[in-house]
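A.B. asks: I have a structure I would like to understand better, so I am pasting it below and will then ask my questions one at a time.
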Amino acid sequence: MKNIKYLFGFILLVITTGCSDFLEESPRSVLSEEELITPDNIDGFVTAAYASLGNDHYDMPFSLWPYGNVRSDDAYKGGSGPNDIQVFHFFEISENIRTDFGELDKFWFNSYIAISRINRAIRNLNKLSASDFPLKETRIAEMKFLRGHFYFMLKIMFKHVPYITEDIPVDDYGTISNRDLTNDELWDAIAGDFQAAIGGLPISQQNIGRASRTAAYAYLAKVRLYQAFEQDDNNKVTNINPAKLQMVIDATNNVLGQGSLEPDFANNFLPGVYENGPESIFAIQYTDSDNTLHGRLNFSDVLSTPQGLGCCDFHKPSQNLVNAYKTDANGLPLFNTYNDANVDYNNLNSVQVDPRLYHTVAIPNLPYKYDNDYIYVEGWVRSPNPYGYYASLKENVSPNCGSCFVNIDPFYGNSKNRIQIRYADVLLMRAEALIELGQFNDALPIINQIRNRASQSTGFIGYANNLNVSPYIDGVNCTWTQDFARQALRWERRLEFAMEGSRFFDLVRWGIAAETLNKYYLEEKDEVEYYGGANFNSSKEEYCPIPQAQINFSQDVYKQNKGYN
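Using the UniProt record's numbering, the letters of the sequence shown correspond one by one to residues 1 to 565.
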């Protein structure tokens, strides 16, 4: 985090000698873990846990871009071609997904390293009294928030994971199966961490980057929304639980008014003074100056810099996504016909679009990241065949941002924060719960808040002359039924959160991943040849396989997901 120093470490020293007198001497400059459990040192354990939020890498990113975007209809993998990080290509086409992928194993391993740090911090915090360390309960609550965060990611990735808390002795870790809890029980356990965090956190924190009660309520709403879409053992959505939907409403009640939409959509994705703004409910904090070689940069997304600025032109917006931003004469989405013809970036004024297109997708011949010093051109693209000429914008920065754009040869990283939950997400989660509860009229003004903000997000894109987005007006430009409201909500989530790592997981939650992606593959195969062999296998590929290395390590205590045996 930008104002929380990463200064945690332990030293292990093993000395062997034949001199018994020497062995009886206490080694100098060595601290045991117990000696570090003091009011002055305890925050080191907490800081180490927070540091885990950024302990990822481009081939095992916590931003989830390969699994939430490339695995969906929003993005192509990019890079030099299908063989460049081939594992992500296999997810792109839903073929040849194997249990021995090192990328999945590293994601699992690093997530549980983070959980281990969190559990250690909680155990050690519990060894201090509140009188000796007045922030004890707040710090424990922060740790439970972080644990919920990591388990949420593991859950949407793998479905069945072992749930390990600070109460489980380390020696018993090997006995905890990833099937000890049912699907619903695991959701309850994750929700329990956020509920516990709510009880100990302040509404807001003085230190930017720490978890707050508002963030815990927002995350609790997200967990309950996913849980509401009940799945059977074949990953089919069999029921939408109204009690869980009401929990979403209740949780979001406690977030409303504690944040707000940015006046311009662009502000969420700009560095410097724009970071940690009113829409940022919880963000991963990065910095270019933490006294390490390169700084605490966002290594999750380092590969998405266009080749013309650095390396390596991964994470490319799909033509399908670009087409989804088209609007009709009334400023509404073209739900059924948006993909009938492609947006032509050489003739943009031939179509009308939602302004969010220009904040999400870098388009040839236009300023890159709103910077007239850097005009994005076709020559910046590494592999136009098969990936086209678009690039992803949200996670990137202009080279003119100063020290936030860092040369880490051959890559260029940046220190811009990544928002984990935006206020817009809270609003749309609430709207979705209302729609599924049959209260779709109450969802209409919420969705229109998002659309009205989109229509006002033009301050940075004065070069765009084809903008047209309008709110839904029942009886005027639409008939607002429950079915229409559901379609509008799902479309709004796609446009609002495109390239932010959530699209595939939304499709799985709604139970429409197979139909959406197989239709997408069929439509894309004439333009992107490798989609000709793509096929999404329902009841299997909604989730990643449990890494075989982890099953082996557990001595078969962990059980493989269905279809991957």
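C-beta atoms are modelled at their ideal positions from N, C-alpha and C, and glycine is treated no differently.
Among Tyr173, Tyr163, Asp188, Asp167, whose alpha-carbon lies nearest the alpha-carbon of Asp180?
C.D. replies: Tyr163
A.B. asks: In this structure, how does DSSP classify Ile408 when only helix, strand and coil are distinguished?
C.D. replies: Correct three-state label for Ile408: strand.
A.B. asks: Tell me which residues share the same chain as Leu245 and place their Cβ nearer than 6 Å to its Cβ, disregarding the 5 neighbours each side in the sequence.
C.D. replies: So the qualifying residues of the chain are Ala228, Ala433, Glu436, Leu437.
A.B. asks: At which residues does the beta strand (DSSP E) containing Asn452 begin and terminate?
C.D. replies: That residue, Asn452, is in no beta strand (DSSP E); its alpha helix (DSSP H) goes 440–455.
A.B. asks: Would Leu293 be called buried (16 or more neighbouring beta carbons within 10 Å of its own) or exposed?
C.D. replies: exposed
A.B. asks: Given a threshold of 16 other Cβ atoms within 10 Å of its Cβ, counted over all protein chains shown, does Val300 qualify as buried or as exposed?
C.D. replies: Just to set this straight, residue 300 is Ser in the shown sequence, not Val. It counts as buried.
A.B. asks: Relative to the alpha-carbon of Trp187, which residue among Ser502, Tyr151, Glu527 has its alpha-carbon at the smallest distance?
C.D. replies: Tyr151
A.B. asks: State yes or no: is the C-beta of Ile281 within less than 8 Å of the C-beta of Thr214?
C.D. replies: yes
A.B. asks: Does DSSP put Cys401 in a helix, in a strand, or in coil?
C.D. replies: Secondary structure of Cys401 (DSSP, three-state): helix.
A.B. asks: Counting C-beta neighbours from all protein chains within 10 Å, is the total for Ala221 16 or more, i.e. buried, or is it exposed?
C.D. replies: Taking all protein chains in view, the Cβ of Ala221 is crowded by 16 or more other Cβ atoms within 10 Å, so the residue is classified as buried.
A.B. asks: Output yes or no for whether 8 Å exceeds the beta carbon distance between Asp354 and Leu495.
C.D. replies: Cβ atoms of Asp354 and Leu495: closer than 8 Å.
A.B. asks: Assign Thr305 to buried or exposed, taking buried as 16 or more other Cβ atoms, counted over all protein chains shown, within 10 Å of its Cβ.
C.D. replies: It is buried - the Cβ of Thr305 has at least 16 other Cβ atoms within 10 Å.
A.B. asks: Check the DSSP bridge columns for Val353 and list the partner residues they point to.
C.D. replies: Lys326, Leu467
A.B. asks: Taking Val248 as part of the alpha helix (DSSP H), name the residues at either end of that continuous run.
C.D. replies: Residue range 242–253 is occupied by the alpha helix (DSSP H) that includes Val248.
A.B. asks: Which two residues bound the contiguous alpha helix (DSSP H) that contains Ser52?
C.D. replies: No alpha helix (DSSP H) contains Ser52, which DSSP labels as neither H nor E.
A.B. asks: On a CA-only basis, which of Tyr219, Asp171, Gln319 is nearest Phe194? Give me that one, please.
C.D. replies: Tyr219
A.B. asks: If I'm right that Pro278 touches Gly259 with Cβ under 8 Å, what's the distance once you round it to whole angstroms?
C.D. replies: 6 Å
A.B. asks: Using the three-state DSSP reduction, which class does Gln258 fall into: helix, strand or coil?
C.D. replies: coil
A.B. asks: With a 10 Å radius around its C-beta and 16 neighbouring C-beta atoms as the bar for buried, classify residue 601 as buried or exposed.
C.D. replies: With the chain running from 1 to 565 in the structure shown, residue 601 is simply not present.
A.B. asks: Considering only residues of the same chain and omitting the five flanking positions on each side of Asn235, which have a CB-CB separation below 6 Å?
C.D. replies: Ser539, Glu542
A.B. asks: Tell me whether Lys562 sits in a helix, a strand or coil according to DSSP, three-state version.
C.D. replies: coil
A.B. asks: Are the beta-carbon atoms belonging to Phe91 and Ile97 less than 8 Å from one another?
C.D. replies: Cβ atoms of Phe91 and Ile97: closer than 8 Å.
A.B. asks: Using CA atoms only, rank isn't needed, just tell me which of Trp65, Asn441, Thr287, Leu427 is closest to Met499.
C.D. replies: Ranking the options by Cα distance to Met499, first place goes to Trp65.
A.B. asks: Report, in whole angstroms, the separation of the C-beta atoms of Asn323 and Tyr338, which I expect to be a contact under 8 Å.
C.D. replies: 5 Å
A.B. asks: When burial is assigned at 16 or more other CB atoms within 10 Å of the CB, is Ser131 buried or exposed?
C.D. replies: exposed
A.B. asks: Could you work out which residue in Asn465, Ser94, Leu393 is closest to Val302 when comparing CA atoms only?
C.D. replies: Answer by Cα proximity: Leu393.
A.B. asks: What distance in whole Å lies between the Cβ atoms of Ser457 and Asp264, which are believed to be in contact at a cut-off of 8 Å?
C.D. replies: 5 Å
A.B. asks: Out of Tyr345, Arg503, Asn385, point me to the one whose CA is closest to Asn465's CA.
C.D. replies: Tyr345
A.B. asks: Tell me, to the nearest whole angstrom, how far the beta carbon of Asn417 is from that of Ala283; I am working on the premise that it is less than 8 Å.
C.D. replies: 4 Å
A.B. asks: Would you report the Cα separation of Ile156 and Gly174, rounded to the nearest angstrom?
C.D. replies: 23 Å
A.B. asks: Using CA atoms only, rank isn't needed, just tell me which of Ser318, Met429, Gln550, Arg356 is closest to Arg71.
C.D. replies: Ser318
A.B. asks: Taking Cβ to Cβ, would you say Thr287 is nearer than 8 Å to Ser204?
C.D. replies: no
A.B. asks: For Gly102 and Leu154, I'd like the C-alpha separation in whole angstroms.
C.D. replies: 16 Å
A.B. asks: Go to Lys316, then tell me how far its beta strand (DSSP E) extends in each direction, as first and last residue.
C.D. replies: 314–317
A.B. asks: Use the C-beta contact count for Asn552: other C-beta atoms within 10 angstroms, 16 or more gives buried, fewer gives exposed.
C.D. replies: exposed
A.B. asks: Quick check: the Cα distance between Asn400 and Val508, rounded to an integer number of angstroms?
C.D. replies: Between Asn400 and Val508, the C-alpha separation is close to 39 Å.
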